[in-house]
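S.K.: Sequential numbering from 19 applies to the sequence shown in our numbering.
Backbone N, C-alpha and C fix where the C-beta goes; we use that ideal spot for every residue, glycine too.
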Amino acid sequence: MSYIKRGVTMAITSIDIDPDGLKQAKELTGAKSNREAVDLALRTLIAVRRQPAAVERIIGRRFAPEQIDAPTVAPETQAPAARPDGR
19 MSYIKRGVTM AITSIDIDPD GLKQAKELTG AKSNREAVDL ALRTLIAVRR QPAAVERIIG
79 RRFAPEQIDA PTVAPETQAP AARPDGR
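(1) So what's Lys41 in DSSP terms, helix, strand or just coil?
(2) Under 8 Å by Cβ, that's how I've got Ala55 and Thr62 pegged, so tell me the actual separation to the nearest angstrom.
(3) Buried or exposed for Ala43, please, with buried defined as at least 16 other CB atoms from any protein chain shown within 10 angstroms of its CB.
(4) Once DSSP output is grouped into helix, strand and coil, what is the label at Ala72?
(5) Could you tell me which residues DSSP pairs with Lys23 in its beta bridges?
(6) Measure the C-alpha to C-alpha separation of Ile30 and Arg53 and round it to an integer number of angstroms.
What follows is the structure in structure tokens.
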């Protein structure tokens with residue numbers, strides 16, 4: 019079973035979770051609900067597991083000599099972009 023929330027198909031599921039671990043996760047993250055804590059945990063796990071591959075791609079990149087000494091441009095100061103989940 020599923021439903022759509024903010025354009026994303028969400029799965030409805032029932033899982034057993036250690037209540038102490040869930041409480042700690044909510045305290046550490048400031049999550050207001052169990053669902054928010056679990057969602058953040060999933061997104062964090064995915065990001066952490068993808069990180070080594072991203073680092074390897076960066077390490078393996080080859081730069082042309084003109085790129086190495088290229089001048090840098092400071093980014094414009096602006097408000098942080100809204101996250102896809104609306105927070």
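M.R.: In brief:
(1) Here residue 41 refers to the residue found at position 23 when the sequence shown is read from its first residue. Looking at Lys41 - three-state DSSP - the assignment turns out to be helix.
(2) If you number the sequence shown from 1, residue 55 lands on position 37. If you number the sequence shown from 1, residue 62 lands on position 44. With 8 Å as the limit, Ala55 and Thr62 do not qualify as a contact, their Cβ atoms being about 10 Å apart.
(3) Working through the sequence shown from its first residue, we reach residue 43 at position 25. Under this definition Ala43 is a buried residue.
(4) Along the sequence shown, one-based indexing puts residue 72 at 54. Residue state, collapsed to three classes: helix.
(5) Taking the first residue of the sequence shown as 1, we reach residue 23 at position 5. According to DSSP, which records beta bridges pairwise, Lys23 is partnered with Val26.
(6) The sequence position of residue 30 within the sequence shown is 12, counting from 1. The sequence position of residue 53 within the sequence shown is 35, counting from 1. Their Cα atoms are separated by approximately 11 Å.
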